[in-house]
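The sequence shown begins at 1077 in the working numbering and counts up one residue at a time.
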Amino acid sequence: DAPPTRAIGAFVFVALFGGVLLWRFDGFVDRAIDSSMERPAVSTAYGVTAHLCVLFFGVYFFGQVTRLSASGLVVAGAGAAVAIAVVALAGLGLTVVGARLTELVGERRPWYGLLVGAVLGAAAWLLPVVAAGLVVWTLLVSVGIGGPTREWIHASRTPATETDA
């Protein structure tokens, strides 16, 4: 598993899933860009939290499926479901980061941002140490998914509940 192979895989999957998100949920991606870039440091913390939740529930789900089923096909399907969730998050996060970078040099262009984000994600996997690539990739994705995660966590809050506290 050489770094170029990981980088190519990351680029293809991020471009694919990010493209589907832009194609089907363009408004959501625009709101994600706004909310993530409103407070990037806070977004990064919420994004890391989202990664930890996906990791926990993914491992739990995969563990339950392997205990309940002896079928290799079912276990492979569970692994694929967890992988799809991770890649979908990466597609969103890196598209948001890339779109923000395009906005810094001109107007916001989410489709160009998708390519910029996919290149950034691929570049992270070119690092010679896999752990370093994983950390860089996770932080990049976390910046992009943190804003929507923060909004989702605090969605039940109303101005009245915040003033009561």
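All residues carry an ideal CB built from backbone N, CA and C; glycine is no exception.
Query                                                                                                                 : Result
Closest by C-alpha distance to P1079, when choosing among A1207, A1231, G1220                                         : A1207
Buried versus exposed, by CB contacts within 10 Å (16 or more), V1105                                                 : buried
Cα-Cα separation, G1193 to G1174                                                                                      : 4 angstroms
Contact the segment 1081 to 1095 vs the segment 1193 to 1203: 3+ CB pairs below 8 angstroms                           : yes
Distance, D1102 Cα to V1195 Cα                                                                                        : 20 angstroms
Reference V1135, options V1162, G1123, V1212, closest by Cα                                                           : V1162
The segment 1167 to 1181 touching the segment 1140 to 1155, judged by at least three CB pairs closer than 8 angstroms : no
Backbone secondary structure at S1145 - three-state DSSP                                                              : coil
Alpha carbon of E1114 to alpha carbon of Q1140, nearest angstrom                                                      : 38 angstroms
Alpha helix (DSSP H) segment containing F1087, residue limits                                                         : 1079 to 1100
I1229 burial status per 10 Å Cβ neighbour count (16 or more: buried)                                                  : exposed
Closest by C-alpha distance to L1098, when choosing among A1126, G1189, S1111, P1116                                  : G1189
C-alpha distance - G1153 paired with T1125, whole-angstrom precision                                                  : 25 angstroms
The alpha helix (DSSP H) enclosing G1193, as first and last residue numbers                                           : 1186 to 1201
Alpha-carbon spacing of Y1122 relative to L1131, whole angstroms                                                      : 14 angstroms
Alpha-carbon spacing of R1233 relative to T1081, whole angstroms                                                      : 44 angstroms
Rounded distance between the beta-carbons of V1172 and S1218, thought under 8 angstroms                               : S1218 to V1172, Cβ: 10 angstroms. No contact.
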